[in-house]
Amino acid sequence: MKPFIQRSLCSSVVILFLATGAIGDSCCAKLSSTLPDAVFFPDSAAGGTYEGLNQRWSGTSILAPGCIFRPSSSQELSTAVQILTADGPGNETACQFAIKSGGHMAVPGANDINEGVSINLVWLNETSVSEDKSFVTLGAGGTWSNAYATLTNDGIAFPGGLCGGTGIGGLSLGGGESLFQPKVGWLIDNVLNYEVVLASGEIVNANQTSNPDLYRALKGGSSNFGIVTKVDVAAFPFTGMWAGQIIVPAIEPWVSLVLAATTNFTANNNDNVNAGIQVVFTYLSNGTAVIDIAIASTDGTVNPEILQNFTSLQPQILNTVGVRSLPSLVAEVDLVQPDGFRDLGATVTFKNDLATLDAVQAVTNEIYSELTNVTDMDFLFNYVPQPKVIETHSAARGGNVLGLEAVDHDQIVAFLTPRWLDAAYDQVMYQAADSWVERASAAAAALGTLDSFVYLNFAAASQKPICSYGADNVAFLREVALQYDPGQVFQRLVPGGFKVSQTC
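Numbering (numbering that gives the first Met the number 0), first residue to last: 0 to 503.
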């Protein structure tokens with residue numbers, strides 16, 4: 000598959016020395032001479048391993064690194080970081096690199112690189128449960144489907160991704176929405192400890208008592224401070240859920256009924272925290288248009304009142320709701336999130352308000368109607384409730400940097416996530432996403448309901464999620480980045496992703 004050339008995410012305040020082919024080759028040679036069994040080249044006898052490691056959920060994220068480094072331990076990763084940073088980030092021979100945990104972010108360059116070194120954490124995939132079952136330890140290179148399948152038989156659960164192929168590392172740094180969110184908050188507010196390889200190669204723990212400033216910065220600050228190798232996530236007793244998917248046509252009256260039900264659910268979720276939903280409008284390339292509603296009663300209560308506006312929708316194309324395990328639900332959801340496409344994300348947040356949902360829905364339909372010439376495209380957009388109770392879970396574990404602690408109202412996070420096959424349409428799709436953000440934001444602003452928050456894990460390359468955290472949090476993140484990475488390795492040598500050095 001032809002790689003898509005990265006669009007710059009960094010402002011001119013960060014001087015990036017581009018890794019030419021010769022420099023990239025030199026960096027790979029240095030790594031290979033010290034760690035030969037962990038470095039893979041595209042044209043070597045192990046070229047098939049290179050190709051396999053360079054796969055991503057979205058084709059837009061697949062670039063062409065000079066080599067791929069696959070560490071088998073935090074110590075091996077530490078050695079590699081010291082090799083890659085030996086010349087210093089300000090040297091024109093410095094080694095650029097990227098970090099992949101699950102590779103689920105569709106932003107080009109966020110988890111891959113052209114000509115530099117791609118660090119693939121796939122072998123850092125530990126899954127274990129503490130003796131008292133109060134927390135689980137998860138390697139950053141693992142996926143949520145593997146973590147759930149391995150650990151939920153222990154009578155516990157923990158917040159994590161609903162898409163099973165999502166990586167542990169990325170989700171635990173960007174925020175982390177889940178069906179358990181009303182009950183326990185963001186995933187980042189349930190991380191008890193991060194193990195991190197710093198730019199110096201030092202391996203440190205970040206928690207409430209050890210490096211607490213780094214701990215808070217990592218909770219929403221993404222890959223700006225080091226490479227997270229594993230996380231400890233708080234767990235809670237769990238015996239199963241009543242959950243599944245309900246699919247109805249994406250036409251009236253179901254559209255209006257679902258939007259009204261979503262608004263009602265979000266308002267009542269504060270007092271009914273053992274329920275979660277995600278609503279996905281799906282327009283398939285074959286002409287099928289449906290609304291896929293994932294619902295969960297996470298304490299196992301059958302058909303609680305808060306979900307009945309969804310369960311009562313009739314007629315239904317499909318209903319898979321029943322008593323089930325978390326792994327089975329995630330596996331089912333993954334069926335509608337296939338690999339092999341080119342994808343993007345874009346997001347807007349607004350107050351929970353039915354008129355705003357209607358307005359954003361209208362904008363989204365307009366954007367879709369403007370893309371009729373794009374072949375083999377599935378057009379998806381989601382509504383994810385964010386009741387204000389979610390933010391009450393943050394302070395007890397040191398807070399995060401999302402800037403939502405003072406929010407006094409319920410929110411909806413809208414998420415545009417179309418997929419297509421032909422790279423020739425990439426720019427058309429990126430422009431459509433940017434137009435959607437602009438027009439949906441304007442529609443919400445006109446109603447006085449637009450919120451500034453941009454969820455990082457849903458954001459488009461053109462958006463500035465870290466800037467949306469507020470000036471105080473941005474200043475804090477920059478201070479922490481300079482403290483733990485004084486040479487700005489993760490600003491200069493890791494060019495992809497969303498940077499704290501970006502101009503706001």
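Glycine included, each C-beta is placed from N, C-alpha and C at the ideal position.
Practice task
Pull up the distance between the alpha-carbon of Gly-173 and that of Thr-92, whole angstroms please.
Solution key: 31 angstroms
Handout entry: Nearest neighbour of Thr-228, chosen from Glu-201, Pro-236 and Thr-300 [CA to CA]
Key = Glu-201
Exercise for the section: Check Met-428 in the structure and name its three-state DSSP category. Expected result: helix
Handout entry: Inter-residue Cα distance where the pair is Val-493 and Val-320
Key = 43 angstroms
Exercise for the section: Could you check which residue in Val-195, Asn-119, Thr-300 and Pro-384 has the C-alpha nearest to that of Glu-176? Expected result: Pro-384
Problem - CB contact flag (Val-128, Pro-158, <8 angstroms) - result: no
Problem - Burial state of Glu-194, where buried means 16 or more other Cβ atoms lie within 10 Å - result: buried
Problem - Residue burial classification, Ile-167 (beta-carbon count within 10 angstroms, cutoff 16) - result: buried
Problem - CB contact flag (Leu-186, Gly-225, <8 angstroms) - result: no
Handout entry: Option in Asn-53, Gly-495, Ile-305 and Glu-404 with minimal Cα separation from Gly-275
Key = Ile-305
Handout entry: Cβ shell of Lys-99 (< 6 angstroms), same chain only, five flanking positions each side left out
Key = Asn-110 and Asn-119
Handout entry: Endpoints, alpha helix (DSSP H) assigned at Lys-182
Key = 180-183
Exercise for the section: Can you grab the Cα-Cα spacing for the pair Ser-31 / Gly-65, in whole Å? Expected result: 12 angstroms
Practice task
Give the straight-line distance between the Cα atoms of Gln-430 and Asp-36, rounded to the nearest whole angstrom.
Solution key: 42 angstroms
Handout entry: CB contact flag (Ala-288, Ile-250, <8 angstroms)
Key = yes
Exercise for the section: For the segment 350-368 and the segment 427-442, state whether three or more C-beta atom pairs, one from each stretch, are separated by less than 8 angstroms. Expected result: yes
Practice task
Enumerate, from N- to C-terminal direction, the unbroken beta strand (DSSP E) stretches of 3 or more residues contained entirely within the segment 77-146.
Solution key: 96-99, 116-119, 126-128 and 134-138
Exercise for the section: Reducing DSSP to helix, strand and coil, say where Pro-248 ends up. Expected result: strand
Exercise for the section: Measuring only between beta-carbons, confirm whether Gly-243 sits less than 8 angstroms from chain D. Expected result: Among the chains of the structure shown, chain D does not appear; only one protein chain is present.
Exercise for the section: Taking Leu-178 and Leu-161 to be in contact with their CB atoms under 8 angstroms, please state how far apart those CB atoms are, rounded to whole angstroms. Expected result: 6 angstroms
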